[in-house]
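Oh and the first sequence: position 202 is 203 in our numbering, straight run, nothing missing.
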Amino acid sequence: MKIATWNVNSLRVRLGQVIDWLRAVEPDVLAMQETKCKDEHFPADAFAEIGYRVEFSGEAGYNGVAIASRKEATGVATDIDGFDDHQRRVIAATIGELRVINLYVPNGQRVGSEKYEYKLRWLAALRDHLRIELERHGQLVVLGDFNVAPEDEDVHDPAAWEGKIMCSEPERAAIRSLRQLGLHDAFRLFEQPPQSFTWWDYRAGAFRRNLGLRIDLILVSEQLRQMCKSCTIDAAPRRNERPSDHVPVIAEFAFG
DNA sequence: ATGGTGGCGCGGCCA
2 MKIATWNVNS LRVRLGQVID WLRAVEPDVL AMQETKCKDE HFPADAFAEI GYRVEFSGEA
62 GYNGVAIASR KEATGVATDI DGFDDHQRRV IAATIGELRV INLYVPNGQR VGSEKYEYKL
122 RWLAALRDHL RIELERHGQL VVLGDFNVAP EDEDVHDPAA WEGKIMCSEP ERAAIRSLRQ
182 LGLHDAFRLF EQPPQSFTWW DYRAGAFRRN LGLRIDLILV SEQLRQMCKS CTIDAAPRRN
242 ERPSDHVPVI AEFAFG
């Protein structure tokens with residue numbers, strides 16, 4: 002069982018790359034973020050042609066999330082319970098025994114801004130929601146673009162980023178609070194190359210210079226932790242023409 | 001360097 006996450010930064014622009022990647026990597030599940038695609042325009046046929054079903058929750062221009070899966074998805078939910086939000090940032094589905102929660106966490110813009118406060122409120126509501134989901138589902142994976150680099154080792158220049166957006170202490174505390182619920186960062190279950198990142202700014206040749214952050218995460222429940230066999234970053238799509246600024250992360254499990 | 005690039009959608013916002 003292979004489960005992946007990828008912030009595609011516009012599914013319309015990246016559809017060919019996503020389809021090619023699915024054909025090459027053949028994950029059982031792909032969680033996508035920043036589809037920027039209204040539901041009535043979602044390119045479901047392109048996924049169906051290569052054997053994937055899709056569940057999606059989108060809006061025009063911003064945000065938008067989707068789950069592509071080989072098997073049928075049930076129990077689809079598109080909100081954090083009790084958190085009123087018109088922005089389309091969450092889609093959850095049950096695939097076999099597995100509960101998948103796909104997130105596009107708010108970026109937050111700048112520490113102290115209104116968007117930053119919204120990000121912290123959003124993450125606090127998420128924690129309360131995941132506490133309940135963990136009681137319901139033994140095999141729970143929470144994955145997506147978290148817009149937080151959990152530790153200094155997830156940052157190319159921790160001194161330059163100290164206290165900045167995606168690295169501030171309140172954001173990192175919010176991620177730690179998810180781990181305290183019993184969710185494990187799949188990437189850190191294994192030895193990894195230093196300077197492993199999932200996002201690089203489009204500007205200033207950041208990818209070429211590997212000036213990145215690891216902000217795309219796969220968190221797994223205790224049951225899934227024991228079955229997790231690998232977790233890797235696939236940086237190859239960043240070398241495509243017109244790439245997304247994020248690359249896929251893939252976790253492999255010993256079941257299915 | 002308060003810049004730089006990219007997506008959406010056609011001016012300015014968001015990342």
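Cβ coordinates follow ideal geometry from the N, Cα and C atoms, glycine included.
Non-local beta-carbon contacts of Ile81 in its own chain, meaning distances under 7 Å to residues more than five positions away in sequence, involve Val91, Ala126, Leu127 and His130 in chain order. Cβ-Cβ separation between Arg239 and Phe208: approximately 5 Å, consistent with a contact (criterion under 8 Å).
Under the DSSP definition of a beta bridge, Cys232 partners with Ala252.
Checking the DSSP bridge columns, you'll see Met2 has no partner listed.
Look at His247 here: in three-state DSSP terms it is strand. By the C-beta density criterion, Pro194 is exposed, having fewer than 16 other C-beta atoms within 10 angstroms. In the structure shown, Ile166 falls within a coil segment according to DSSP collapsed to helix, strand and coil. The three-state reading of DSSP puts Glu56 in strand, counting E and B together. Asp146 is bridged by DSSP to Tyr105 and Asp217. Judged by DSSP in its simplified three-state form, Leu12 adopts helix. Here Pro249 is near Trp7, since their CB atoms are less than 8 Å apart. Sequence-distant partners of His185 (beyond 5 residues in either direction) whose C-beta falls short of 6 Å from its own C-beta, in its chain, are Val221 and Arg226.
With contacts defined by Cβ atoms closer than 8 Å, Val55 and Ala69 form a contacting pair. Residues Asn148, Val149, Ala150, Leu214 and Ile216 of the same chain have their beta carbon placed closer than 7 Å to that of Met167, with the five preceding and five following residues left out of the count. For Ala67, the pairing in a beta bridge is given by DSSP as Met33 and Phe57. Put simply, the backbone Cα of Met2 is about 33 Å away from that of His87.
In the three-state DSSP reduction, Ala187 falls in the helix class (H, G or I).
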